[in-house]
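Peer 1: Line by line, the protein sequences give chains E and X.
The first sequence begins at 497 in the working numbering and counts up by one.
The second sequence begins at 2 in the working numbering and counts up by one.
Using N, Cα and C, we set each Cβ at its ideal position, and we do this for glycine too.
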Amino acid sequence: MSAGSIACVRETMSQMASGTLFTVQVLRAGHILHLTGHAP
Amino acid sequence: MSRMVTWTADVVVCLAMLAGPACLGRAGRVEAETIRELFKKVAPSVVVIRARGRDVTESGETRFSETGSGVLISTDGKVMTAAHVVHSMDQISVEFLGGETVAAWVVGSEPAADLSLLQLERVPAGARVAPMGDLSRMEVGDEVIIVGAPYGFSYSLSSGLISAHWLPNTVYKTMPLAEFFQTTTTINTGNSGGPMFNMAGEVIGIVSHNISKSGGSEGLGFVVTLNTARQLLLEKRSIWSGLEGLMLSDQLADLLNLPPRTSGYIIKTVAKGSMAGQIGARGSRVLVNIEGQEVPISGDIILSMASRCQPAASRVCARR
Numbered sequence: 497m498s499a500g501s502i503a504c505v506r507e508t509m510s511q512m513a514s515g516t517l518f519t520v521q522v523l524r525a526g527h528i529l530h531l532t533g534h535a536p
Numbered sequence: 002m003s004r005m006v007t008w009t010a011d012v013v014v015c016l017a018m019l020a021g022p023a024c025l026g027r028a029g030r031v032e033a034e035t036i037r038e039l040f041k042k043v044a045p046s047v048v049v050i051r052a053r054g055r056d057v058t059e060s061g062e063t064r065f066s067e068t069g070s071g072v073l074i075s076t077d078g079k080v081m082t083a084a085h086v087v088h089s090m091d092q093i094s095v096e097f098l099g100g101e102t103v104a105a106w107v108v109g110s111e112p113a114a115d116l117s118l119l120q121l122e123r124v125p126a127g128a129r130v131a132p133m134g135d136l137s138r139m140e141v142g143d144e145v146i147i148v149g150a151p152y153g154f155s156y157s158l159s160s161g162l163i164s165a166h167w168l169p170n171t172v173y174k175t176m177p178l179a180e181f182f183q184t185t186t187t188i189n190t191g192n193s194g195g196p197m198f199n200m201a202g203e204v205i206g207i208v209s210h211n212i213s214k215s216g217g218s219e220g221l222g223f224v225v226t227l228n229t230a231r232q233l234l235l236e237k238r239s240i241w242s243g244l245e246g247l248m249l250s251d252q253l254a255d256l257l258n259l260p261p262r263t264s265g266y267i268i269k270t271v272a273k274g275s276m277a278g279q280i281g282a283r284g285s286r287v288l289v290n291i292e293g294q295e296v297p298i299s300g301d302i303i304l305s306m307a308s309r310c311q312p313a314a315s316r317v318c319a320r321r
């Protein structure tokens, strides 16, 4: 994820309507997890 | 602890400066009286923000507090302030003129412009909503005032001029979205997030930081314009991620034994109640010094983000 991609994430977040389902892929202790939630 | 306004000194501006020897003439007295009335008019819209958060150091997690300023901009209790005062904080309280204090939480935040929007639990009686100014009438050379809490001294007034105007992405790489007014008005730690007013008592900007070689205020203050604040906090609705951390560079990926070309964002802290906190993202509990850079090592690393409504954006965000 480059600085450009951070801007992309920011844009994604700013464009999400309230309640939109989103997923964040994270690396935790060597494992890839998918954390999901709804935009506030 | 203020992490952005760090190059300041123990300089507290007092009203006496406004009525110094240079202001003893008739015009000077009139000006001082005008500013006195202006201060009385705007002060009930200014707030002192006290926030508590967690930081991570090489010895583990620590707690710290931050003091900043803000301004009430709506009757339903919205307060504009600086992101570096509240963005990664767990607990926020807002104090009004007279000392009444109410709880608040972040409802919008854009660190790339150093702006956040708070929601108050309630609006105290006597609080005044600050009117918003028309920036098209403001020019370099115009007089302005700032009211805030430098070093925690609540409702301190300073005055000066707009000394320059900077368009977005021209001054700071870390705040590319912010349009700035540069000002000669004294800004110190604790002024962050406070309002800059024009001489009609209208908000025209939100204090961000200053630049100083001496550590004291040297007349190089930077204030995010109200145009930027309106656009990002009220029109675009910047979501509060609550994340603090750093980019995962190729060098760091290598040092952390991650696969080649792994890219991401290393989470340092996650604010309670934020979007990242609600989905269970984890911050680090310890930092290590890797070749001179403090790196959080036990928290999550964000690899990508996808929204169900924006598959194209999600594809772009997952690759570099």
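Which residue wins for smallest C-alpha separation from Leu-233 (chain X), given the options X:Ile-207, X:Leu-249 and X:Lys-214?
Peer 2: As a first step, residue 233 (chain X) is located in the second sequence; it is residue number 232 there, counting from the start. Of the listed residues, the one whose Cα sits closest to Leu-233 (chain X) is X:Ile-207.
Peer 1: Does the pairing of the segment 43-52 of chain X with the segment 69-84 of chain X give three or more beta-carbon distances under 8 Å?
Peer 2: yes
Peer 1: Decide yes or no for the touch test of the segment 203-219 of chain X against the segment 102-111 of chain X: beta carbon pairs closer than 8 Å, at least 3 of them.
Peer 2: no
Peer 1: Which residues of the segment 278-307 of chain X have a Cβ closer than 9 Å to any Cβ of chain E? Give them in chain order.
Peer 2: Gln-279, Ile-280, Gly-281, Ala-282, Arg-283, Ser-299, Gly-300, Asp-301, Ile-302, Ile-303, Leu-304, Ser-305, Met-306 and Ala-307
Peer 1: DSSP on Ser-308 (chain X), reduced to helix/strand/coil?
Peer 2: Here residue 308 (chain X) refers to the residue found at position 307 of the second sequence. Of the three classes helix, strand and coil, the one that applies to Ser-308 (chain X) here is strand, per DSSP.
Peer 1: If you draw a straight line from the alpha carbon of Glu-292 (chain X) to that of Leu-529 (chain E), how long is it in whole angstroms?
Peer 2: The residue labelled residue 292 (chain X) in the question sits at position 291 within the second sequence. The residue labelled residue 529 (chain E) in the question sits at position 33 within the first sequence. For Glu-292 (chain X) and Leu-529 (chain E), the distance between alpha carbons rounds to 29 Å.
Peer 1: From the DSSP output, in three-state form, read off His-88 (chain X) for me.
Peer 2: In the second sequence, counting from the first residue as 1, residue 88 (chain X) sits at position 87. His-88 (chain X): coil per DSSP, three-state reduction.
Peer 1: On the three-state DSSP scale, how would you describe Ala-128 (chain X)?
Peer 2: Position 127 of the second sequence, counted from the first residue, corresponds to residue 128 (chain X). The answer is coil: DSSP assigns Ala-128 (chain X) none of H, G, I, E or B.
Peer 1: Just verifying my parser: in three-state terms, what is the DSSP assignment at Lys-273 (chain X)?
Peer 2: Within the second sequence, numbered from 1, the residue matching residue 273 (chain X) stands at position 272. Of the three classes helix, strand and coil, the one that applies to Lys-273 (chain X) here is coil, per DSSP.
Peer 1: So Thr-519 (chain E) is in the alpha helix (DSSP H); what residue range does that whole segment cover?
Peer 2: Counting from one through the first sequence, the residue named residue 519 (chain E) turns up at place 23. Counting along the chain, Thr-519 (chain E) falls outside any alpha helix (DSSP H), though it belongs to the beta strand (DSSP E) covering 517-524.
Peer 1: Closer than 9 Å, Cβ to any Cβ of chain E: which residues of the segment 83-101 of chain X, in chain order?
Peer 2: Cβ contacts with chain E come from no residue of the segment 83-101 of chain X.
Peer 1: Would you list the one or two residues that DSSP bridges to Pro-112 (chain X)?
Peer 2: For the purposes of this step, residue 112 (chain X) is identified with residue 111 of the second sequence, where counting begins at 1. Answer is none; Pro-112 (chain X) lacks a bridge partner.
Peer 1: Taking Cβ to Cβ, would you say Trp-241 (chain X) is nearer than 8 Å to Gly-109 (chain X)?
Peer 2: What you label residue 241 (chain X) is simply residue 240 of the second sequence in a count that begins at 1. What you label residue 109 (chain X) is simply residue 108 of the second sequence in a count that begins at 1. Yes; because the gap between Cβ atoms is below 8 Å, this pair is in contact.
Peer 1: Ordered along the chain, which non-local residues of its own chain (more than five positions away) have a Cβ less than 7 Å from that of Gly-194 (chain X)?
Peer 2: Mapped onto the second sequence, residue 194 (chain X) falls at position 193. Hits under 7 Å: Ile-50, Gly-69, Ser-70, Gly-71, Thr-82, Ala-83, Val-86, Ile-207 and Val-208.
Peer 1: Please list the partners that Met-276 (chain X) has in chain E, where partner means a Cβ-to-Cβ separation under 7 Å.
Peer 2: Along the second sequence, one-based indexing puts residue 276 (chain X) at 275. The answer, in chain order, is Gly-533 and Pro-536.
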